[in-house]
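Chemist: Sending over a structure as C-alpha cells; questions will come in a sec.
2 protein chains.
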Amino acid sequence: MSPTPSEEPAPPAEPDRRGRYHHGDLRSALVDTAIEVIAERGVRGFSLAEASRRLGVTVAAPYRHFADRDDLLAVVAIRAFGVFAAVLAGTLSEDATPAEQLAAMAGVYVRFAAEHRALFDVLFGAGLDKSKYPALGRAAEPVLEMFLAPVRSLCGGAPEAVDDLVMAVSATAHGHAALLLDGAFGTGPEAVDAAESRAARATAALVAGRAAMRLHGTMDG
Amino acid sequence: MSPTPSEEPAPPAEPDRRGRYHHGDLRSALVDTAIEVIAERGVRGFSLAEASRRLGVTVAAPYRHFADRDDLLAVVAIRAFGVFAAVLAGTLSEDATPAEQLAAMAGVYVRFAAEHRALFDVLFGAGLDKSKYPALGRAAEPVLEMFLAPVRSLCGGAPEAVDDLVMAVSATAHGHAALLLDGAFGTGPEAVDAAESRAARATAALVAGRAAMRLHGTMDG
DNA sequence: GTCTATATCCCGATAGAC
DNA sequence: GTCTATCGGGATATAGAC
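From first to last, the protein sequence lines stand for chains A and B. Using the working numbering, the letters of the first sequence correspond one by one to residues 6 to 226. Using the working numbering, the letters of the second sequence correspond one by one to residues 6 to 226.
Here it is, written out as C-alpha cells:
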C-alpha cells in the first residue's frame, strides 16, 4: 500500500495553506462566505455552522473572530452600507436637477436591493439591534447624507421640510424595493427594471406634488 | 396527610377540561398563541416548541394540525389579511375624494403595522412562499381591491395607469410602515402618529404630482 | 383521531486542550 | 487560532397509548 493514509492527498509539504485559515484571514473569509450563503438561503437561512463547514473549520472557530452570529452579520451590514453608498455615488451627475437626482437615487435604491439582495437582506431583514452596534449607525450616515444633499437644495434649508422630504423619498424607495423582493412586480430582470422605473417616477411625482401643494398652501399636520 | 397528592389540585372530577385541548380547539389555540409569541418576540423568535410549551402540550402535538411551522404561519397570515381588510374598510367615508381616501388608507396601513405588529410581521417578515399557499393569495385580494377602487376613480379606467398608481401608493404606504417598524421615526405613540401623518401626506403629494405631471405631459417610460 | 414519548439532526454557544 | 467535547434548544418524524 502507498504511504497515503486515508483521504489526505499531500499534507506534509504545506502545513498551513490550502483549505485552512490559520493566519488571520478566517475573519474576512467568514464575511465573504456569509454573503454567499445569504445570497443562496436568505439571512434566516444563514448559520455559522454552514459557513464553518464551507471553509473547512470547526463550528467553534468563528467565535474567535466574532462574538456571535449577529456580530458577524453586523460586519456584513457595514460592508453593505459601504457598497450601497458607492453605488449611489456612481449615479450622481452634475447636470441633473435635485428632483431628477432624487428620482434616480430611488431607482438605484431598488436596483441595489435586487442586485445585492444578500446585502440588502442583511440591512433590513436581519433584525440587527442598531443601538448594539454603533459602527452600524456610523456606516449608515454617508447613505443618509447622499439623500440629504439634493433635498436641501430643494427645500432651501427649512429643517422640518428637509426631514420630511428625506423620509418620504426614503420610504418611497424602500417600499418599492421591499415589494419587489416580495415578488409584487413579478420576477426576473424585467421586474427589476419595472420596479426601478416605478420608484423613480413615484419619487418624481412625490417631489412635484410637494411643490404643488406648497404653492397652493395645502399644508397641514 | 391530606388527600392532595403533590401538585395537582383537583384532577378527578374533570377528565378533559383545564389545560388540555383534546377536542379540536388545539388548532385555533395554536393560532392565538402564535400571535402572542410573535407579538413578544417577532416572527423569527417564534417556534412551535414555544407555542406548545405555553399550551401545555408536547412539541409533536402541533403536527397533528399543521404540516409545519410555515403552515401555521400561513394561517396566521390569512387572519392578518382579514383584520387588515376590516381596518381599511373602517376608514372609508363617502364624502371624501378618491385622493383623500388613498391618503387616509396609507395612514391606516402604517397604523395597522404598528398596532398589529405581529400580524404585519407575519405578512411581510415571515418569508412565506406564497405560491405554496394559494389561500394566502386569495386572502390578500380584498385588501388589493380596497386600494383599487379609489385609484380607478382617479385614473378613469386606463389599466396601465391604474396598476401604476396602485403600486406607487402601496409602496409608499409599505415603505413608511417598514421604516417605522425599523425605528426610523423613533419609538412610541408619537412615532406612529408621525409615520401615519407622513404616509398620508406623501400619498397626497404623490397623487397630486401624478396629476400635475400628466397635465404637463411629463410622462415617459 | 388526538396526544405522548422518543429519537435524530441542526444550530448557537462555551470550556478547555493543543 | 483552532479543535474536541459538550450543553441546551428547536425542527421534524415515528411509534404507540387512549
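Every residue gets a Cβ at the ideal spot worked out from N, C-alpha and C, and that includes glycine.
Give me the chain B residues within the contact set of A/ASP187, using Cβ-Cβ distance strictly less than 8 Å, ordered along the chain.
Modeler: For the purposes of this step, residue 187 of chain A is taken as residue 182 along the first sequence, with counting starting at 1. Chain B residues near A/ASP187: PHE129.
Chemist: If you measure from the beta carbon of A/ARG215 to each beta carbon in chain B, is any gap under 7 Å?
Modeler: On the first sequence, position 210 is the one that residue 215 of chain A refers to. By this cut-off, A/ARG215 is an interface position.
Chemist: Relative to chain A, which residues along the stretch 128–147 of chain B have a C-beta separation below 8 Å, given in chain order?
Modeler: Flagged, chain order: PHE129, GLY130, GLY132, LYS135.
Chemist: Looking at the secondary structure, which residues open and close the alpha helix (DSSP H) in which B/ARG122 lies?
Modeler: The residue given as residue 122 of chain B occupies position 117 in the second sequence. Its alpha helix (DSSP H) spans residues 122–130.
Chemist: Output the distance between the C-alpha atoms of B/ALA72 and A/ALA183, rounded to the nearest integer angstrom.
Modeler: Sequence index remark: in the second sequence, residue 72 of chain B carries index 67 (1-based). Sequence index remark: in the first sequence, residue 183 of chain A carries index 178 (1-based). If you take the alpha carbons of B/ALA72 and A/ALA183, they lie about 28 Å apart.
Chemist: Let me confirm a value: B/SER98 is counted as buried when at least 16 other C-beta atoms fall within 10 Å, else exposed. Which label applies?
Modeler: Working through the second sequence from its first residue, we reach residue 98 of chain B at position 93. B/SER98 comes out exposed.
Chemist: Go ahead and pull the three-state DSSP assignment for B/SER98.
Modeler: As a working mapping, residue 98 of chain B is identified with position 93 in the second sequence. Residue state, collapsed to three classes: coil.
Chemist: Quick one: residues in its chain with C-beta nearer than 6 Å to the C-beta of A/PRO147, no 5 flanking neighbours on either side, listed in chain order?
Modeler: Translated into positions along the first sequence, residue 147 of chain A becomes position 142. Taken in chain order, the residues that qualify are ALA90.
Chemist: Rounding to the nearest angstrom, what Cα-Cα distance links B/CYS160 and A/ALA207 in this structure?
Modeler: By one-based count along the second sequence, residue 160 of chain B stands at place 155. By one-based count along the first sequence, residue 207 of chain A stands at place 202. Going by the C-alpha atoms only, they are around 15 Å apart.
Chemist: Run down chain B in chain order and give the residues with a C-beta less than 8 Å from the C-beta of A/ARG203.
Modeler: For the purposes of this step, residue 203 of chain A is identified with residue 198 of the first sequence, where counting begins at 1. Under the 8 Å cutoff, chain B gives ASP169, MET172, ALA173, ALA176.
Chemist: Just the C-alpha distance for B/ALA66 and B/ALA44, rounded to the nearest angstrom, thanks.
Modeler: In the second sequence, the residue the question calls residue 66 of chain B occupies position 61. In the second sequence, the residue the question calls residue 44 of chain B occupies position 39. The straight-line gap from Cα to Cα measures roughly 22 Å.
Chemist: Any chance you could list the alpha helix (DSSP H) runs of at least 4 consecutive residues sitting entirely within the stretch 160–206 of chain A, in chain order?
Modeler: Taking only runs of at least 4 residues, the alpha helix (DSSP H) segments lying wholly in the stretch 160–206 of chain A are 164–186.
Chemist: Just the Cα atoms here: how many angstroms apart are B/SER175 and A/ALA173?
Modeler: Indexing the second sequence from 1 puts residue 175 of chain B at position 170. Indexing the first sequence from 1 puts residue 173 of chain A at position 168. Near 13 Å, if we compare the C-alpha coordinates of A/ALA173 and B/SER175.
Chemist: Which first and last residues belong to the alpha helix (DSSP H) in which B/VAL62 is found?
Modeler: Sequence index remark: in the second sequence, residue 62 of chain B carries index 57 (1-based). No alpha helix (DSSP H) holds B/VAL62; DSSP gives it neither H nor E.
Chemist: Are the C-beta atoms of B/HIS179 and some chain A residue less than 7 Å apart?
Modeler: To locate residue 179 of chain B, count along the second sequence from 1; it is residue 174. Closer than 7 Å: yes.
Chemist: Verify whether the separation of the beta carbon atoms of B/VAL171 and B/ARG157 is less than 7 Å.
Modeler: Numbered from 1 along the second sequence, position 166 holds the residue referred to as residue 171 of chain B. Numbered from 1 along the second sequence, position 152 holds the residue referred to as residue 157 of chain B. Contact: no.
Chemist: Need the endpoints of the alpha helix (DSSP H) that B/ALA34 sits in, please.
Modeler: Against the second sequence, residue 34 of chain B aligns to sequence position 29. Looking at the DSSP string, the run of the alpha helix (DSSP H) that includes B/ALA34 is 31–46.
Chemist: Taking B/LEU124 as the query, report the chain A residues whose CB atoms sit under 8 Å from its CB, ordered along the chain.
Modeler: Walking along the second sequence from the start, residue 124 of chain B turns up at place 119. Near B/LEU124 there are no residues of chain A at all, since even the closest Cβ is about 16 Å away, more than 8 Å.
Chemist: Judging by CA-CA distance, which residue of B/ALA199, B/ARG58, B/VAL48, B/HIS70 is the nearest neighbour of B/SER33?
Modeler: Position 28 of the second sequence, counted from the start, is the residue given in the question as residue 33 of chain B. Among B/ALA199, B/ARG58, B/VAL48, B/HIS70, the Cα nearest to that of B/SER33 belongs to B/HIS70.
Chemist: What's the call for A/SER136, buried or exposed, on a 16-neighbour Cβ count within 10 Å?
Modeler: Sequence index remark: in the first sequence, residue 136 of chain A carries index 131 (1-based). That one is exposed.
Chemist: Please state whether the Cβ-Cβ distance between A/VAL64 and A/ALA79 is less than 7 Å.
Modeler: On the first sequence, position 59 is the one that residue 64 of chain A refers to. On the first sequence, position 74 is the one that residue 79 of chain A refers to. Taking 7 Å as the Cβ cut-off, A/VAL64 and A/ALA79 do not qualify as a contacting pair.
Chemist: Alpha carbon to alpha carbon, what distance is there between A/GLY47 and B/SER202?
Modeler: By 1-based counting over the second sequence, the position of residue 202 of chain B is 197. By 1-based counting over the first sequence, the position of residue 47 of chain A is 42. For B/SER202 and A/GLY47, the distance between alpha carbons rounds to 33 Å.
Chemist: From B/ALA189 to B/ARG215, what distance separates their C-alpha atoms?
Modeler: Your numbering for residue 189 of chain B matches position 184 in the second sequence. Your numbering for residue 215 of chain B matches position 210 in the second sequence. Taking the straight line joining both Cα atoms gives about 27 Å.
Chemist: Please check if any C-beta of chain B sits within less than 7 Å of the C-beta of A/LEU159.
Modeler: To locate residue 159 of chain A, count along the first sequence from 1; it is residue 154. It does not: the Cβ of A/LEU159 has no partner Cβ on chain B nearer than 7 Å.
Chemist: Would you identify the three-state DSSP class for B/SER158, choosing helix, strand or coil?
Modeler: For the purposes of this step, residue 158 of chain B is taken as residue 153 along the second sequence, with counting starting at 1. In the structure shown, B/SER158 sits in a helix (DSSP, three-state: H, G or I).
Chemist: For B/ARG49, return the contacting residues in chain A, with the cut-off set at a CB-CB distance below 8 Å.
Modeler: The sequence position of residue 49 of chain B within the second sequence is 44, counting from 1. Residues of chain A passing the Cβ test: ARG49, GLY132.
Chemist: For A/ALA39, which residues in the same chain have their Cβ closer than 8 Å to its Cβ, ignoring the five residues on either side in sequence?
Modeler: For the purposes of this step, residue 39 of chain A is taken as the residue at position 34 of the first sequence. Contacts found: PHE51, ALA56, LEU77, LEU78, VAL81.
Chemist: Check B/MET6 in the structure and name its three-state DSSP category.
Modeler: If you number the second sequence from 1, residue 6 of chain B lands on position 1. The predicted model places B/MET6 with a pLDDT of 37, which falls under 50 and marks its position as unreliable, so this point remains unresolved.
Chemist: Using 8 Å as the Cβ pair cut-off and three pairs as the minimum, do the stretch 193–201 of chain A and the stretch 111–120 of chain A touch?
Modeler: As far as the Cβ criterion goes, the stretch 193–201 of chain A touches the stretch 111–120 of chain A, which means the pair count is three or higher.
Chemist: Is the beta carbon of B/GLY180 less than 7 Å from the beta carbon of A/GLY95?
Modeler: As a first step, residue 180 of chain B is located in the second sequence; it is residue number 175 there, counting from the start. As a first step, residue 95 of chain A is located in the first sequence; it is residue number 90 there, counting from the start. It is not a contact, given that the beta carbons lie outside the stated cut-off.
Chemist: Can you give the beta carbon distance from A/ALA123 to A/PHE86, rounded, assuming they're within the 8 Å contact cut?
Modeler: Counting from 1 along the first sequence, the entry for residue 123 of chain A is found at position 118. Counting from 1 along the first sequence, the entry for residue 86 of chain A is found at position 81. With 8 Å as the limit, A/ALA123 and A/PHE86 do not qualify as a contact, their Cβ atoms being about 14 Å apart.
Chemist: Looking at the structure shown, is A/SER136 part of a helix, part of a strand, or coil, going by DSSP?
Modeler: The count along the first sequence starts at 1 and reaches residue 136 of chain A at position 131. Here A/SER136 sits in helix by DSSP.
Chemist: From A/VAL92 to A/ALA111, what distance separates their C-alpha atoms?
Modeler: For the purposes of this step, residue 92 of chain A is taken as residue 87 along the first sequence, with counting starting at 1. For the purposes of this step, residue 111 of chain A is taken as residue 106 along the first sequence, with counting starting at 1. Taking the straight line from one Cα to the other gives about 12 Å.
Chemist: Which same chain residues end up closer than 8 Å to B/LEU128 when comparing Cβ atoms and leaving out the 5 residues on each side of it in sequence?
Modeler: Here residue 128 of chain B corresponds to residue number 123 of the second sequence, with the count starting at 1. Same-chain partners within the cutoff: ALA82, ALA85, PHE86, PHE89.
Chemist: How long is the line joining the alpha carbons of A/LEU133 and B/HIS221, rounded to whole angstroms?
Modeler: Walking along the first sequence from the start, residue 133 of chain A turns up at place 128. Walking along the second sequence from the start, residue 221 of chain B turns up at place 216. A/LEU133 and B/HIS221: Cα-Cα distance of roughly 45 Å.
Chemist: Note down the Cα distance separating B/ALA209 from B/LEU60, rounded to an integer number of angstroms.
Modeler: Counting from one through the second sequence, the residue named residue 209 of chain B turns up at place 204. Counting from one through the second sequence, the residue named residue 60 of chain B turns up at place 55. Their Cα atoms are separated by approximately 46 Å.
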